[in-house]
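Residue numbers (the UniProt record's numbering), protein chains in the order written: chain A, 1 to 213; chain B, 1 to 213.
Worksheet: the structure to be examined is printed underneath.
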DNA sequence: GTCTATAAATCGATAGAC
DNA sequence: GTCTATCGATTTATAGAC
């Protein structure tokens, strides 16, 4: 059994607080606008102290991404293993939208090459990304074989689309418009995601059940 | 009749060149990473000269957005006025994806508040955005009445979704993967956009028609 | 209007005392 | 490990000569 000293627990807790702040600021402002001074002020420590825990701004972003992937993994483990694959995918999609509406989905720019290469060298991040992608990939293939997802789409395309919906700007636009409840926003975007703008539900089979919530 | 001096024509041409450069750099790197020095170097003039034409970086971005909205308007005017509304919408969606794959779709961060307030004070931009939105809005309502778009979706939701697909990161991800031609990428994303990941085409169940095409 | 040169401000990262 | 203070680099924007 690993012994964990009290000091180490405190250190852990502080780093958790740092990563939680980074996560929130990334969701609120995005990577390029977020400053390290801001993070330090939000946590309530000096910037130099921050750099004792994380050696660069890019590492802070990586830690926040690892955190959200961990949360996704934890959520996926709560799903009943015997449910139809398409329901697992819908549950994950709904969860990512809830996280985003709660202001807790960190968003990184798609084009910052320095940040991207840093992430591509971040093994904890890559490992978890692979795990999540593999699990989703299995569900995608199974759902296609069951006829619940369009089998003409490469699974890669479905995977990328689900990731993209996790940070879809439409969510934020609809939220600030203030005309719909969070629940309605999510149901509408679930509809456009799985049934498209044309929106014919394949009425015969899954008239889709809302699967609780 | 407005007289246009030769000097004015040259000035116009230079400003066009500037905005074209900004447009390309915004598509390639995004607003935050793009620097004014880069723009000046790309155009081939000194930075101070650039500021004689546009008084800030934000104005440069606004001019690029006006340019792409003008291109969209020009494209929409080439569409046959008597075609079904859903076909007009699909044509516009396909066009935006082509522009993005060509590396000519400027992308602004969704969260840079300084930039956003600058755009909200940019009348030429707002005017053109309204014009494009109004035309799309008409088509959306018509397509919903014709039963070609899900009438349960507020037209606002459809409009936002179409705008979001114009800068969907999935396009770029699939392009760099290099596994599909540009045409196939666009057809797949058109499918996920209008028919969803489930992908049942409406043809089977509605008694009607596909309305030509 | 175009240039060179520089001001003014911001931000990531570090030094060094405690 | 935490702090204050500061460096060094980058970037937006402008001065002033031509």
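Cβ coordinates follow ideal geometry from the N, Cα and C atoms, glycine included.
For residue i and residue j, what's the separation of their Cα atoms in angstroms?
{"i": "residue 72 of chain A", "j": "residue 132 of chain A", "result": "8 angstroms"}
{"i": "residue 67 of chain A", "j": "residue 35 of chain A", "result": "19 angstroms"}
{"i": "residue 123 of chain B", "j": "residue 140 of chain A", "result": "46 angstroms"}
{"i": "residue 216 of chain B", "j": "residue 59 of chain B", "result": "The structure shown has nothing for residue 216 of chain B, since chain B only spans 1 to 213."}
{"i": "residue 177 of chain A", "j": "residue 185 of chain A", "result": "11 angstroms"}
{"i": "residue 91 of chain A", "j": "residue 78 of chain A", "result": "11 angstroms"}
{"i": "residue 103 of chain B", "j": "residue 97 of chain B", "result": "10 angstroms"}
{"i": "residue 150 of chain A", "j": "residue 12 of chain B", "result": "49 angstroms"}
{"i": "residue 29 of chain B", "j": "residue 182 of chain A", "result": "33 angstroms"}
{"i": "residue 137 of chain B", "j": "residue 116 of chain A", "result": "37 angstroms"}
{"i": "residue 46 of chain B", "j": "residue 39 of chain B", "result": "9 angstroms"}
{"i": "residue 86 of chain B", "j": "residue 82 of chain A", "result": "39 angstroms"}
{"i": "residue 42 of chain A", "j": "residue 21 of chain A", "result": "7 angstroms"}
{"i": "residue 113 of chain B", "j": "residue 32 of chain A", "result": "12 angstroms"}
{"i": "residue 101 of chain B", "j": "residue 48 of chain A", "result": "43 angstroms"}
{"i": "residue 121 of chain A", "j": "residue 143 of chain B", "result": "48 angstroms"}
{"i": "residue 193 of chain A", "j": "residue 99 of chain B", "result": "23 angstroms"}
{"i": "residue 4 of chain A", "j": "residue 19 of chain B", "result": "59 angstroms"}
{"i": "residue 110 of chain A", "j": "residue 197 of chain A", "result": "25 angstroms"}
{"i": "residue 24 of chain A", "j": "residue 50 of chain A", "result": "16 angstroms"}
{"i": "residue 152 of chain B", "j": "residue 74 of chain A", "result": "34 angstroms"}
{"i": "residue 156 of chain B", "j": "residue 9 of chain A", "result": "49 angstroms"}
{"i": "residue 158 of chain B", "j": "residue 84 of chain B", "result": "17 angstroms"}
{"i": "residue 160 of chain B", "j": "residue 188 of chain A", "result": "12 angstroms"}
{"i": "residue 44 of chain A", "j": "residue 57 of chain A", "result": "17 angstroms"}
{"i": "residue 6 of chain A", "j": "residue 145 of chain A", "result": "52 angstroms"}
Please classify residue i: does DSSP put it in a helix, a strand, or coil?
{"i": "residue 112 of chain A", "result": "coil"}
{"i": "residue 153 of chain A", "result": "coil"}
{"i": "residue 132 of chain A", "result": "helix"}
{"i": "residue 122 of chain A", "result": "coil"}
{"i": "residue 208 of chain B", "result": "Low confidence applies to residue 208 of chain B: its pLDDT is 43, below 50, so where it sits in the model is not reliable, and the reading given next is rough at best. Reduced to three states, the DSSP call for residue 208 of chain B is coil."}
{"i": "residue 4 of chain B", "result": "coil"}
{"i": "residue 170 of chain B", "result": "helix"}
{"i": "residue 103 of chain A", "result": "coil"}
{"i": "residue 148 of chain B", "result": "coil"}
{"i": "residue 137 of chain B", "result": "helix"}
{"i": "residue 65 of chain A", "result": "helix"}
{"i": "residue 37 of chain B", "result": "helix"}
{"i": "residue 162 of chain A", "result": "helix"}
{"i": "residue 195 of chain A", "result": "helix"}
{"i": "residue 31 of chain A", "result": "coil"}
{"i": "residue 213 of chain A", "result": "Residue placement at residue 213 of chain A is flagged as unreliable, the pLDDT there being 37, under the threshold of 50; a coordinate-derived value is accordingly withheld."}
{"i": "residue 78 of chain A", "result": "coil"}
{"i": "residue 181 of chain B", "result": "coil"}
{"i": "residue 96 of chain A", "result": "helix"}
In chain order, what residues of the same chain have a beta carbon less than 6 angstroms from the beta carbon of residue i, not counting five sequence neighbours either side?
{"i": "residue 15 of chain B", "result": "53"}
Give the residues of chain B in contact with residue i, contact being defined as C-beta atoms less than 7 angstroms apart.
{"i": "residue 33 of chain A", "result": "111, 112"}
Looking only at its chain, what residues have a beta carbon closer than 8 angstroms to the beta carbon of residue i, apart from the 5 residues adjacent to it on each side?
{"i": "residue 26 of chain A", "result": "34, 61, 64, 106, 107, 108"}
{"i": "residue 208 of chain B", "result": "No answer about residue 208 of chain B holds up, because its pLDDT of 43 lies below 50 and its placement is not dependable."}
{"i": "residue 199 of chain A", "result": "191, 192"}
{"i": "residue 17 of chain A", "result": "43"}
Kindly list, in the order they appear in chain A, the residues whose Cβ is closer than 7 angstroms to that of residue i.
{"i": "residue 29 of chain B", "result": "111"}
{"i": "residue 164 of chain B", "result": "168, 169, 170"}
Would you mind telling me which residues of chain A sit closer than 8 angstroms to residue i, beta carbon to beta carbon, in chain order?
{"i": "residue 174 of chain B", "result": "156, 157, 160"}
{"i": "residue 149 of chain B", "result": "197, 198, 199"}
{"i": "residue 153 of chain B", "result": "188, 191, 192, 197, 199"}
List, in order along the chain, the chain A residues whose C-beta lies closer than 9 angstroms to that of residue i?
{"i": "residue 42 of chain B", "result": "Simply none; closest approach about 16 angstroms."}
{"i": "residue 68 of chain B", "result": "Those within 9 angstroms of residue 68 of chain B in chain A number zero; the least Cβ separation is about 17 angstroms."}
Leaving aside the five residues before and after residue i along the sequence, list all residues of the same chain whose C-beta is less than 7 angstroms from its C-beta, in chain order.
{"i": "residue 69 of chain B", "result": "128, 129, 132"}
{"i": "residue 125 of chain A", "result": "62, 65, 66, 119"}
{"i": "residue 174 of chain B", "result": "180, 185"}
{"i": "residue 37 of chain B", "result": "47"}
{"i": "residue 55 of chain B", "result": "none"}
{"i": "residue 88 of chain B", "result": "79, 139"}
{"i": "residue 205 of chain B", "result": "Below a pLDDT of 50, predicted positions are generally treated as unreliable, and residue 205 of chain B, at 43, falls in that range; no measurement from the model is reported."}
{"i": "residue 135 of chain A", "result": "76"}
List, in order along the chain, the chain B residues whose C-beta lies closer than 8 angstroms to that of residue i?
{"i": "residue 177 of chain A", "result": "156"}
On the three-pair Cβ rule with 8 angstroms, is the region 165 to 179 of chain A touching the region 152 to 167 of chain B? yes
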